[in-house]
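Keeping their order, the protein sequence lines are chains A and B.
Residues 1 to 596 (the UniProt record's numbering) are what the first sequence spells out, left to right.
Residues 1 to 596 (the UniProt record's numbering) are what the second sequence spells out, left to right.
From the three backbone atoms N, C-alpha and C, an ideal C-beta is built for every residue, glycine too.
None of these values were measured; they are calculated from a predicted model.
Below is one structure, written out as structure tokens, with a few remarks after it.
Number of protein chains: 2
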Amino acid sequence: MPVYKAPLKDMRFVLHELYDSTAIAELPGNADFTPELIDSVLEEAAKISEEVLFPLNQVGDREGCTYENGVVRTPTGYREAYRTFCEGGWTSISADPDYGGQGMPLTAAMMVEEMFCSANVAFGLYPGLSHGAYVALKHSGSEEQKKAWLPNIVSGKWTGTMCLTEPHCGTDLGMLRTKAVPNDDGTYSITGNKIFISAGEHDLAENIVHLVLARLPDAPAGVKGISMFLVPKFLPREDGTLGPRNGMQCTAIEHKMGLNGSATCAMSFDGATGWLVGEPNKGLAAMFKMMNTERLSVGIQGLGIAEVAYQNAVAYARERIQGRSLTGTKAPEKQADPILVHPDVRRMLLTSRAYIEGCRALAGWVARELEILEKSDDGDAKQAADDFASLMTPVVKAMFTDLGFEIASLAVQTYGGHGYIRDHGIEQYVRDARIAMLYEGTNGIQALDLVGRKLPQDGGRLLTRFLDPVLEFIDAHQDNDALAEFLPALSQALEHVQEATGLIMEGAMTNRDEVGAASVDYLRLFGLASLAFVWARMVAVAAPKAGEDGEAAQFYRAKVQTAKFFMERLLPQTGALLAAIRSGAATMMEFEDAAF
Amino acid sequence: MPVYKAPLKDMRFVLHELYDSTAIAELPGNADFTPELIDSVLEEAAKISEEVLFPLNQVGDREGCTYENGVVRTPTGYREAYRTFCEGGWTSISADPDYGGQGMPLTAAMMVEEMFCSANVAFGLYPGLSHGAYVALKHSGSEEQKKAWLPNIVSGKWTGTMCLTEPHCGTDLGMLRTKAVPNDDGTYSITGNKIFISAGEHDLAENIVHLVLARLPDAPAGVKGISMFLVPKFLPREDGTLGPRNGMQCTAIEHKMGLNGSATCAMSFDGATGWLVGEPNKGLAAMFKMMNTERLSVGIQGLGIAEVAYQNAVAYARERIQGRSLTGTKAPEKQADPILVHPDVRRMLLTSRAYIEGCRALAGWVARELEILEKSDDGDAKQAADDFASLMTPVVKAMFTDLGFEIASLAVQTYGGHGYIRDHGIEQYVRDARIAMLYEGTNGIQALDLVGRKLPQDGGRLLTRFLDPVLEFIDAHQDNDALAEFLPALSQALEHVQEATGLIMEGAMTNRDEVGAASVDYLRLFGLASLAFVWARMVAVAAPKAGEDGEAAQFYRAKVQTAKFFMERLLPQTGALLAAIRSGAATMMEFEDAAF
Chain A
1 MPVYKAPLKD MRFVLHELYD STAIAELPGN ADFTPELIDS VLEEAAKISE
51 EVLFPLNQVG DREGCTYENG VVRTPTGYRE AYRTFCEGGW TSISADPDYG
101 GQGMPLTAAM MVEEMFCSAN VAFGLYPGLS HGAYVALKHS GSEEQKKAWL
151 PNIVSGKWTG TMCLTEPHCG TDLGMLRTKA VPNDDGTYSI TGNKIFISAG
201 EHDLAENIVH LVLARLPDAP AGVKGISMFL VPKFLPREDG TLGPRNGMQC
251 TAIEHKMGLN GSATCAMSFD GATGWLVGEP NKGLAAMFKM MNTERLSVGI
301 QGLGIAEVAY QNAVAYARER IQGRSLTGTK APEKQADPIL VHPDVRRMLL
351 TSRAYIEGCR ALAGWVAREL EILEKSDDGD AKQAADDFAS LMTPVVKAMF
401 TDLGFEIASL AVQTYGGHGY IRDHGIEQYV RDARIAMLYE GTNGIQALDL
451 VGRKLPQDGG RLLTRFLDPV LEFIDAHQDN DALAEFLPAL SQALEHVQEA
501 TGLIMEGAMT NRDEVGAASV DYLRLFGLAS LAFVWARMVA VAAPKAGEDG
551 EAAQFYRAKV QTAKFFMERL LPQTGALLAA IRSGAATMME FEDAAF
Chain B
1 MPVYKAPLKD MRFVLHELYD STAIAELPGN ADFTPELIDS VLEEAAKISE
51 EVLFPLNQVG DREGCTYENG VVRTPTGYRE AYRTFCEGGW TSISADPDYG
101 GQGMPLTAAM MVEEMFCSAN VAFGLYPGLS HGAYVALKHS GSEEQKKAWL
151 PNIVSGKWTG TMCLTEPHCG TDLGMLRTKA VPNDDGTYSI TGNKIFISAG
201 EHDLAENIVH LVLARLPDAP AGVKGISMFL VPKFLPREDG TLGPRNGMQC
251 TAIEHKMGLN GSATCAMSFD GATGWLVGEP NKGLAAMFKM MNTERLSVGI
301 QGLGIAEVAY QNAVAYARER IQGRSLTGTK APEKQADPIL VHPDVRRMLL
351 TSRAYIEGCR ALAGWVAREL EILEKSDDGD AKQAADDFAS LMTPVVKAMF
401 TDLGFEIASL AVQTYGGHGY IRDHGIEQYV RDARIAMLYE GTNGIQALDL
451 VGRKLPQDGG RLLTRFLDPV LEFIDAHQDN DALAEFLPAL SQALEHVQEA
501 TGLIMEGAMT NRDEVGAASV DYLRLFGLAS LAFVWARMVA VAAPKAGEDG
551 EAAQFYRAKV QTAKFFMERL LPQTGALLAA IRSGAATMME FEDAAF
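Quick look at the structure:
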């Protein structure tokens with residue numbers, strides 16, 4: 001049976017040691033969130049993750065959701081777990097206190113989210129989607145709408161969804177057909193078919209609030225004619241009780257590669273009553289507010305699955321005995337050595353570890369900037385934070401989910417043939433991880449967002465929010481012996497980013513296909529450079545503490561050693577990626593269509 | 001629904017144009033196998049693959065095998081398909097005519113095998129395992145045993161298995177516990193438990209011939225005390241009819257990530273009657289004869305799945321419309337352009353194509369050498385062929401299966417969210433492909449075999465069987481304009497191989513862990529260099545024909561363009577792999593065990 005223990009030590013390291021947590025506590029509204037309080041929240045989150053959510057992860061995969069006549073049932077135990085989840089206040093931790101939230105800093109909330117994703121990513125989607133709906137509604141809804149709908153979403157009494165995709169359009173929402181016709185009373189009548197609606201129907205909550213993209217009768221064609229509507233499953237009465245069922249139903253759930261505990265619904269809206277959220281024809285922008293939150297969350301899914309897969313691979317590598325060390329017997333009392341002695345097993349584990357801890361540190365940085373954006377009253381700081389988070393959102397989404405899949409697959413590899421057997425629970429991580437590379441915009445779309453939109457935006461200002469701190473860091477640590485072996489590798493990765501950026505921007509002036517041709521390789525190159533930077537920062541913090549005795553020092557030594565592994569064995573990929581980018585669009589565009 | 005058309009044109013290119021097929025036809029016993037005959041066999045193989053095996057691929061995944069009281073039932077349609085398969089002579093194509101085989105060259109047989117793997121890899125395991133048993137028995141059995149058992153295996157009337165793995169040992173067979181006690185009549189009584197036995201029990205054939213590894217009472221400990229026994233499900237009578245049931249049963253089948261149509265059995269032997277095959281205590285060597293055949297077959301599974309996944313990705317990319325080309329509308333008559341216009345979609349397709357066609361060409365080379373080894377009467381040629389096949393077996397097994405999984409995942413990515421839905425049949429390829437990286441020796445074990453065994457063997461002679469032809473080719477084509485842009489990349493990849501080889505061999509003299517630390521990266525580096533060489537050879541053949549008009553020329557132009565894509569975008573990975581190898585074992589071995 002799989003195991004999971006929340007990596008609290010590493011999370012605390014990122015929150016309190018790597019970054020300056022006092023600066024976060026000094027933001028308006030954060031005075032109560034002392035390091036001690038945050039630590040105790042993390043411990044509680046660990047408890048519910050390990051004890052309530054994790055034990056349901058395999059059950060959910062095995063049973064999946066069931067569909068019958070429009071009714072969707074979640075797997076055994078989900079209802080009780082969801083109740084416990086809501087009672088513990090986990091649906092509301094980072095939400096605005098004005099609507100019943102706890103206003104916790106996003107830095108801590110992101111760590112909590114990682115635990116939920118490790119423990120049970122399929123379950124986590126239900127509150128996860130609700131949070132996305134909360135964000136969109138909070139940003140674009142009227143005061144009246146917010147008062148009417150947000151408290152029940154924040155408390156978890158009701159859940160939320162985002163209804164974008166239609167059978168013929170996913171990436172290209174300009175083609176969407178769902179219609180919204182105004183009624184006399186100010187509401188709208190919504191008609192159309194949506195697919196791939198996570199948590200579109202289920203038995204966890206008494207009501208479901210759908211945010212639906214649709215077209216008004218006079219809407220312009222394409223993405224400029226899309227509006228957002230709030231369409232609840234049940235129409236609430238004035239007194240807050242639930243009224244009649246709205247004109248929609250779930251017509252099927254998908255049978256998927258994984259994520260079986262999450263209901264992926266086909267929804268049919270047939271004159272359902274809805275309310276316009278925000279301005280007419282501005283629905284896509286409103287939905288993107290939600291989408292950006294979701295994209296970061298999806299990145300955290302990749303990280304969370306990677307963490308739990310890694311933990312199980314370590315446990316198996318310690319326990320499984322097979323063969324002897326190439327350098328001589330290590331466990332003479334046993335019939336064979338634990339496979340942890342084999343260099344290649346350690347390579348797989350350290351690869352996983354180096355990516356996971358790097359991603360967690362990078363996520364921590366993004367969360368800090370989002371927290372500043374949300375709560376700071378310093379305009380310049382907010383702008384810088386917004387720039388940085390915008391730049392990094394596609395990187396977190398795409399790189400973390402690519403790595404989540406790769407690391408889950410490495411865990412299977414560590415298990416050997418046993419990894420392929422369902423009972424062990426490891427192959428589930430590969431299947432569950434695979435979706436994150438696809439939904440909320442495929443990873444190819446993320447890369448286009450990074451290269452085609454974020455890099456050129458505002459004259460390249462967004463990228464400087466990353467480059468400047470790296471250059472400052474390199475400069476500040478020129479005489480730091482602890483970093484002597486790391487800075488050249490970091491500098492070279494940075495040069496690769498700069499050269500690739502220049503090449504693409506120049507190429508794109510004459511041929512826009514150069515953007516698409518380079519995008520995925522660029523995103524990984526940029527992501528690796530970002531990881532190199534956070535690894536160097538972690539070394540700067542850990543190295544001075546690594547020389548002491550005791551278990552605490554072991555943690556810091558492991559940090560420095562993992563950084564070394566990352567720099568020496570993984571970071572060199574930037575060179576190959578740069579070479580691929582240099583080759584440009586020609587090799588892929590000149591190939592004749594008919595020859596594929 | 002998925003599609004599959006056997007890539008006959010490319011197969012013929014490899015068989016007849018890339019390599020010299022007359023040399024194969026001139027080998028003893030091959031006179032009948034004219035290019036025309038081989039082409040017609042390929043066409044027939046395409047027909048049964050496309051029309052009989054492929055339509056059962058999704059059914060087999062959905063239904064899986066069922067187990068009840070020791071009886072295993074294969075999915076709907078498998079029995080009929082197996083009958084058709086046997087009647088068509090497909091179980092016997094490459095087998096020795098002395099035992100009812102058709103003696104077809106392995107060069108053609110490997111292409112046929114690829115088609116079966118594309119069409120239905122789970123089904124293909126049943127005859128695949130039989131073929132492995134055929135090879136082992138033919139190599140190590142007595143004349144009497146061969147006459148008694150081989151004809152029914154060759155005809156497909158009976159099937160075969162290899163029973164190695166036990167619950168506590170897979171890689172490390174030295175620990176195996178199954179016992180063989182001599183009976184008075186010269187037979188042995190076999191007792192023990194085996195797991196992961198593909199085709200261990202099923203309803204396709206009237207009898208199953210198990211080749212079981214077990215220990216004699218006085219056997220030395222470890223791998224030097226393992227013997228091989230033939231243990232049939234039913235004991236045949238003198239007259240050839242089936243006698244009593246033997247003392248064994250299937251106690252369970254595994255529920256797996258994929259490959260559901262293939263029964264993976266736990267087998268319990270309880271005093272079953274068996275016959276010693278080959279000499280006592282030499283069972284592992286005998287089994288390795290089978291294992292090497294199986295390892296190549298598993299590599300071909302990776303290639304076969306990659307091919308069918310790629311074909312479906314292409315079909316979807318042509319048909320799915322979404323968004324517009326970055327360089328302006330390409331299909332103005334449609335609401336959006338087919339996604340094939342997007343550079344990143346083309347990157348995914350060309351990456352797949354470049355690996356697939358490269359692997360097919362490399363497999364063709366290995367098959368030639370195996371055919372020479374099997375049929376030539378020239379001792380030097382046989383030795384050279386044996387060396388080359390030994391060197392390449394782990395590369396084919398590991399690299400092809402790694403790539404099979406990667407390419408199946410790229411196909412899912414091309415499909416976007418739809419790729420995650422079971423009905424589309426694409427995610428099945430990811431699940432089915434994953435096992436090939438694990439069984440018949442994990443890919444980590446393959447890499448150790450390459451670096452720890454094959455490289456140092458006979459003073460490094462095996463590697464020269466690859467290096468020499470590459471150096472000769474580079475030398476011979478110095479003035480060939482068609483190759484001018486390809487030779488520098490090939491030369492550099494070769495230098496990377498040479499540098500890495502030197503580093504590892506030198507490091508291994510003082511620290512054996514250097515072998516394990518470098519092995520997986522080395523295998524990929526070596527594999528990429530091998531693909532670079534076959535791509536250069538393909539260019540040498542295709543370039544002169546690429547300039548003409550018509551569809552034929554398009555095929556050759558596509559070859560040259562794909563070669564360019566491979567060299568520019570994929571081959572640069574060798575630099576990153578070399579850098580990782582250079583860093584040595586220290587970063588992974590110094591990491592403290594307790595810190596994982």
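CB-CB length for residue i against residue j, believed under 8 Å
{"i": "W158/A", "j": "E206/A", "result": "7 Å"}
{"i": "T414/B", "j": "A313/B", "result": "4 Å"}
{"i": "L303/A", "j": "C359/A", "result": "5 Å"}
{"i": "V541/A", "j": "V560/A", "result": "Not confirmed; about 10 Å, so no contact."}
{"i": "I356/B", "j": "Y310/B", "result": "6 Å"}
{"i": "H255/B", "j": "D423/A", "result": "7 Å"}
Under 8 Å by beta carbon: chain B residues contacting residue i
{"i": "L326/A", "result": "G452, R512, D513, V515, G516"}
Per-residue contacts from residue i into chain B (C-beta, under 9 Å)
{"i": "V412/A", "result": "M257, R434, M437, L438"}
{"i": "V520/A", "result": "D344, R347, M348"}
Extent of the continuous beta strand (DSSP E) to which residue i belongs
{"i": "Y67/B", "result": "66-68"}
{"i": "residue 597/A", "result": "It is not possible to answer for residue 597/A, since the shown part of chain A is limited to 1 through 596."}
{"i": "R73/A", "result": "71-73"}
Paired residues, beta bridge with residue i - DSSP
{"i": "I208/B", "result": "T159/B"}
{"i": "L242/B", "result": "P236/B"}
{"i": "residue 606/B", "result": "Nothing can be reported for residue 606/B: it is not among the residues displayed for chain B, which extend from 1 to 596."}
{"i": "R215/A", "result": "K179/A"}
{"i": "C169/A", "result": "E166/A"}
{"i": "K256/B", "result": "I421/A"}
{"i": "V277/B", "result": "M228/B"}
{"i": "T264/A", "result": "S198/A"}
{"i": "P544/A", "result": "DSSP, once it has assigned bridges, lists no residue as partnering P544/A."}
{"i": "P338/A", "result": "I321/A"}
Alpha helix (DSSP H) segment containing residue i, residue limits
{"i": "Q249/B", "result": "Premise fails: Q249/B lies in the beta strand (DSSP E), 248-253, not in any alpha helix (DSSP H)."}
{"i": "M306/B", "result": "For clarity, residue 306/B is Ala in the given sequence; the question names Met instead. Per DSSP, A306/B belongs to the alpha helix (DSSP H) from 283-319."}
{"i": "G575/A", "result": "573-582"}
{"i": "E551/B", "result": "550-565"}
{"i": "E63/B", "result": "57-63"}
Where residue i meets chain A, residues with beta-carbon distance less than 9 Å
{"i": "L340/B", "result": "D593, F596"}
{"i": "R422/B", "result": "E254, H255, K256, M257"}
Where residue i meets chain B, residues with beta-carbon distance less than 7 Å
{"i": "M588/A", "result": "P343, R346, R347, L350, F565"}
Cross-chain neighbours of residue i in chain A, by beta carbon under 7 Å
{"i": "S583/B", "result": "E568, R569"}
> For the segment 429-444 of chain A, which residues have a CB atom closer than 9 Å to at least one CB atom of chain B, in sequence order?
Replying inline: V430, R431, R434, I435, M437, L438, Y439, T442, N443, G444
> Given a limit of 8 Å on CB to CB distance, which residues of the segment 393-411 of chain B reach chain A?
Replying inline: So the close ones are F405, S409.
> What residues in the segment 374-392 of chain B have a beta carbon less than 9 Å from any beta carbon of chain A?
Replying inline: none
>> Beta carbons nearer than 9 Å to chain B: which residues of the UniProt domain "Acyl-CoA oxidase/dehydrogenase middle" (162-271) of chain A have them?
In response: T165, H168, C169, G170, T171, D172, G174, M175, I195, F196, E254, H255, K256, M257, G258, L259, T264
> Which residues, in order along the segment 557-571 of chain A, keep a beta-carbon less than 8 Å from a beta-carbon of chain B?
Replying inline: R557, A558, Q561, T562, K564, F565, E568, R569, L570
>> At a CB distance below 7 Å, what residues from the segment 60-73 of chain B approach chain A? Give them in sequence order.
In response: Of all residues in the segment 60-73 of chain B, none has a Cβ within less than 7 Å of some Cβ in chain A.
> Going along the chain, which residues of the segment 302-320 of chain B sit with their C-beta nearer than 8 Å to a C-beta in chain A?
Replying inline: V314, A317, R318
> Listed from N- to C-terminal order along the chain, which residues in the segment 463-482 of chain A have their beta-carbon within a distance smaller than 8 Å of any beta-carbon of chain B?
Replying inline: none
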